[in-house]
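Q: Below you will find the structure I want to go over with you.
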Amino acid sequence: MTFREAIRKALSDEMTADRNVVFFGEDIGVYGGCFKVSEGLWKEHPDQVVDTPVSEEGFTGMAVGAAMMGLRPVIEIMYADFYTLIFDPIVNHAAKTHFMSGGQFCCPITVRLPEGSGTGHGAQHTQSPEALFLNGTGLKIVAPSNPSDAYHLLRASIRDNNPTLFFEHKLLYPIDGEISPEPVEIGKAKVIGNGLDVTIIAYSHAVCTALKAAEILRDDGINATVVDLRTLNPLDKETIFRQVQRTGRVALIQDPNGIGGIDAQVCASICEDPETFRSLKCPIMQFSGKNTPIPFSKDLEAKTIPQAEDVALAIAKQFN
Amino acid sequence: MIDKDLSIDALRIMLNSRYFEEKTEQLFKAGLVHGTTHLANGQEAAQAGLCMALEDEDWIVPTHRCHGFSICKGSWPVAMFSELFGSRHGLAKGLGGSMHMPDRENCNLGSSAVVGSGVPLATGVAFYQKFKSVGSASFATSTTQNPKDLPPVPVKNISVAIFGDGASSRGSVHESMNLASIWKLPVLFYCENNRYGMSAPSDKMISIDRISDRAKAYSMPGKTIDGNDFETVYQAVKEATDYIRSGNGPYLLEVLTYRFKGHSKSDRRLYRTSDEEQQWLLRDPIILFEQKLIECGYLTEEQIRQIEKECNDGMELQARQALESRNDKLTPEEVEDLVYAPKEARP
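Quick look at the structure:
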């Protein structure tokens, strides 16, 4: 099942399980969604799929209000770049609902945000804005890298009583994979491999880069463990610390630029933990996207994000 | 004229609102309250007229100038004062403050302190109410039919999106009106036009004379009324809510009023003349209503003074009660625990 189909299945399964799950967004009905994630969903759940006008702030705010009353809305923001339009209802309202009402209300809304570069859509359709929400206390942030995690984590997000941002990298949509029967909890990272030389931490599309880099390194006799964060808030510090301590070397990879990013937060956490910090044999290596808006030109766009070859080369240097 | 019992209730509620604001101002001046506050003295008819015309289970989403709405919707003044003191006995356990007094029990979702941002939330409450009446979101899905062409679905309860003249310029308000209109959501857009958005006069900032004229653009009825006359407000809200409850969709009601005090506690009111203020003080909604009650023989002047005294004393007592426990605060651990909703909170 592809990543795209996994998300569609998660939506469908949750809508079947709970009539209070209502899906809102632009062109998500007959059109099937801008990335065809919800293709045919309206036929299976004719009463739960709502096409909206181009009013991101309005319909997101509306979904927040409905969630406070007991609905479990899922909204699709066509391109994650339009996050600017939902910042107010999500950060000022959804994220603070439980807190500011002294626990009287909660806001179980899920926001799906297709993100990422590599599609030639220019700088306003290719951003990965997850880090901008990291500072918005009260949100959960999820960014899976494979179909199985996408399926289970979307279901978990919809069932969670808190507002959850669900980032889907657009390049992952066609990726194929098995859906594990085991559910996945929000807040748990995934460990891939058990190499003792270096720990590579990544999330979403960058996990593909990490796995590729690990493969190149293996040819050089360097064995890596890859940690797929899966959830960006709350961070699974326990897994991060354990896996860093095992190898004493850590490389962080993310597609967006590194300023105030998710990796900066991971880096800070590692430095703060005495045991993990002391286990480091070399400086923490960070590989982030370039600090430019995403260029349109195909070659330039591709070079904006970290490349597996560069990552592998830099890691290998630590062993010379 | 509305009946005697309702009139006397209305007087008490308006007086309670006024005295709550007066006590609040005194507490601030005495340095007992932290932060800021937005007083609604002068807007009592607009607030009581609305809330008293609603059913108990109709929901409101007030503005940052919310105390009066909370009082009128039935919130307990001790819990409101406690909120002002930041104590754990406040409506929001002291985490909200003057602008945030949500009260689930009394169907008050709480205010947004981002002017105009409560309007989409109230529209969402209306979506939920229609969803509950219909049993699904079919009224908003467009699989076979244009939702605009679906027959009206009567609803038991409605939602009120309260906003001011200032907020009427927000995009979120316009987007909400469009959404409510296409899906015929049971929401009353209640524009409390008190003439100024902070210091900005509405006639300078808004492109039309009557905000209710915006209703035409969203295919809903719109009406502008005198917001300082309780009965006018009460009747207009009844008329609007009957229309909404019958399933016809949203309604925009603009009530013209005036805030006697400044925008917030630090406002020196340089943008308006004392002459204008004096003119409006002559139209104090409570005094106007009291005169009416005397004219139609419901109450004597003496009885009114007695009710005023009872309400004032009662409010004083409640403020004192909250004052006594004002240092009873949440612990930092309890505060952190409230950031995320627990698993079992699933509604």
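Heads up: the protein sequence lines correspond to chains A and B, in order.
Number 113 in this note's numbering belongs to position 113 of the first sequence; there are no gaps in the numbering.
Quick note: to get this note's numbering, add 1000 to the position in the second sequence (first position is 1).
Yeah, the Cβ is synthetic: ideal placement off N, Cα and C, and Gly gets one too.
For a cutoff of 9 Å on Cβ pairs, would you count H1038 (chain B) as touching chain A?
A: For H1038 (chain B), the answer is no, since every Cβ of chain A falls outside 9 Å of its Cβ.
Q: CB-CB under 7 Å to G1197 (chain B), same chain, minus the five flanking residues each way: which ones, in chain order?
A: G1164, D1165, G1166 and M1205, listed in sequence order.
Q: For F1189 (chain B), would you say it is in contact with chain A, using Cβ-to-Cβ distances shorter than 9 Å as the test?
A: Taking Cβ atoms only, chain A never reaches closer than 9 Å to F1189 (chain B), which makes this a no.
Q: By DSSP, does G193 (chain A) sit in helix, in strand, or in coil?
A: Here G193 (chain A) sits in coil by DSSP.
Q: By the DSSP assignment, the beta strand (DSSP E) with A1161 (chain B) in it spans what residues?
A: Per DSSP, A1161 (chain B) belongs to the beta strand (DSSP E) from S1159 to G1164.
Q: State yes or no: is the beta carbon of A1341 (chain B) nearer than 9 Å to at least one beta carbon in chain A?
A: Closer than 9 Å to some Cβ of chain A, the Cβ of A1341 (chain B) qualifies, so yes.
Q: Could you give the distance in angstroms between the alpha-carbon of R1346 (chain B) and the alpha-carbon of N20 (chain A)?
A: Low per-residue confidence applies at R1346 (chain B): pLDDT is 47, beneath 50, and the placement is therefore not dependable, though the value from the model is reported in the following sentence. Spanning the two alpha carbons is a distance of roughly 12 Å.
Q: Measure from the C-beta of P1347 (chain B) to each C-beta in chain A and report whether the shortest distance is under 9 Å.
A: For P1347 (chain B), the predicted model reports a pLDDT of 49, less than 50, meaning its position is unreliable and no value from the coordinates is stated.
Q: Residues in the stretch 28-58 of chain A with C-beta within 7 Å of chain B's C-beta atoms, listed in sequence order?
A: If the cut-off is 7 Å between Cβ atoms, the stretch 28-58 of chain A has G29, W42, P46, D47, Q48, V49, V50, D51, P53, S55, E57 and G58 near chain B.
Q: Need the endpoints of the beta strand (DSSP E) that S288 (chain A) sits in, please.
A: Note, S288 (chain A): beta strand (DSSP E), M285 to G289.
Q: May I ask you to list the residues that DSSP assigns as paired with H1038 (chain B)?
A: Beta-bridge pairing links H1038 (chain B) to no other residue.
Q: Using beta carbons (cut-off 9 Å, strictly below), is M78 (chain A) in contact with chain B?
A: No - not a single Cβ of chain B is within 9 Å of the one on M78 (chain A).
Q: Within the continuous beta strand (DSSP E) that includes C1191 (chain B), where are the two ends?
A: C1191 (chain B) -> beta strand (DSSP E) spans V1187 to N1193.
Q: So which of A:A66, A:K188, A:P114 and A:F319 has the shortest CA-CA distance to A94 (chain A)?
A: Cα-wise, what sits closest to A94 (chain A) is A:A66.
Q: If contact means a Cβ-Cβ distance below 7 Å, which residues of the stretch 66-98 of chain A contact chain B?
A: Cβ contacts with chain B come from A66, M68, M69, G70, L71, D88, P89, N92, H93 and H98.
Q: If you follow the beta strand (DSSP E) that Y1251 (chain B) is part of, which residue opens it and which one closes it?
A: Looking at the DSSP string, the run of the beta strand (DSSP E) that includes Y1251 (chain B) is Y1251 to L1256.
Q: With 16 other CB atoms within 10 Å as the buried threshold, where does C271 (chain A) fall?
A: Flag for C271 (chain A) reads exposed.
Q: Could you give the DSSP three-state label for P1147 (chain B): helix, strand or coil?
A: Three-state DSSP puts P1147 (chain B) in a helix.
Q: What does A63 (chain A) touch in chain B if you count any residue whose Cβ is under 9 Å from its own?
A: What A63 (chain A) touches in chain B: P1120, G1124 and F1127.
Q: Does the beta carbon of Q104 (chain A) sit closer than 9 Å to a beta carbon anywhere in chain B?
A: So, interface residue.
Q: Would you please verify whether the beta carbon of F1131 (chain B) is less than 9 Å from any beta carbon of chain A?
A: It does; some Cβ of chain A falls within 9 Å.
Q: Near G195 (chain A), what residues of its chain come up, given a Cβ to Cβ distance below 6 Å and the 5 sequence neighbours on each side ignored?
A: Closer than 6 Å at Cβ, skipping near neighbours: N223, A224 and T225.
Q: Under 9 Å, Cβ to Cβ, is there at least one residue of chain B near R19 (chain A)?
A: Output row for R19 (chain A): interface = yes.
Q: Hey, how far is the Cα of P144 (chain A) from the Cα of K1073 (chain B)?
A: Between P144 (chain A) and K1073 (chain B), the C-alpha separation is close to 45 Å.
Q: Is there a Cβ of chain A sitting closer than 9 Å to that of R1214 (chain B), yes or no?
A: With 9 Å as the cut-off, R1214 (chain B) does not count as an interface residue toward chain A.
Q: Take every Cβ of the stretch 1166-1180 of chain B, pair it with every Cβ of the stretch 1109-1123 of chain B, and state whether three or more of those distances are shorter than 8 Å.
A: Taking 8 Å as the limit for Cβ pairs, the verdict is that the stretch 1109-1123 of chain B does touch the stretch 1166-1180 of chain B.
Q: Are the CB atoms of N161 (chain A) and Y1340 (chain B) nearer to each other than 9 Å?
A: Cβ distance < 9 Å, so N161 (chain A) and Y1340 (chain B) count as in contact.
Q: Please determine, among A:D51, A:Y203, A:E178 and A:R155, the residue with the shortest C-alpha to C-alpha distance to F1139 (chain B).
A: Here the closest residue by C-alpha is A:D51.
Q: Can you check DSSP and say which residues form a bridge with R112 (chain A)?
A: Answer is A:E76 and A:F166.
Q: Can you give the beta carbon distance from P73 (chain A) to F24 (chain A), rounded, assuming they're within the 8 Å contact cut?
A: Confirmed, about 6 Å.
Q: Does DSSP put L1270 (chain B) in a helix, in a strand, or in coil?
A: The answer is coil: DSSP assigns L1270 (chain B) none of H, G, I, E or B.
Q: Mind checking whether D1058 (chain B) and I1158 (chain B) have CB atoms under 9 Å apart?
A: Yes, Cβ-Cβ distance for D1058 (chain B) and I1158 (chain B) is below 9 Å.
Q: Can you tell me the Cβ-Cβ gap for V266 (chain A) and I201 (chain A), rounded? I've got them flagged as a contact below 8 Å.
A: So it is a contact: roughly 6 Å between Cβ atoms.
Q: Which ranges does the alpha helix (DSSP H) cover as unbroken runs of at least 4 residues, wholly within the stretch 246-282 of chain A, from first to last along the chain?
A: The qualifying runs are 262-272 and 274-279.
Q: My output table needs one value for T1300 (chain B): the three-state DSSP class, helix, strand or coil.
A: Coil, per DSSP.
Q: Is the stretch 1012-1028 of chain B in contact with the stretch 1245-1259 of chain B, if contact means three or more CB pairs nearer than 8 Å?
A: Cβ pair count under 8 Å is below three, so no.
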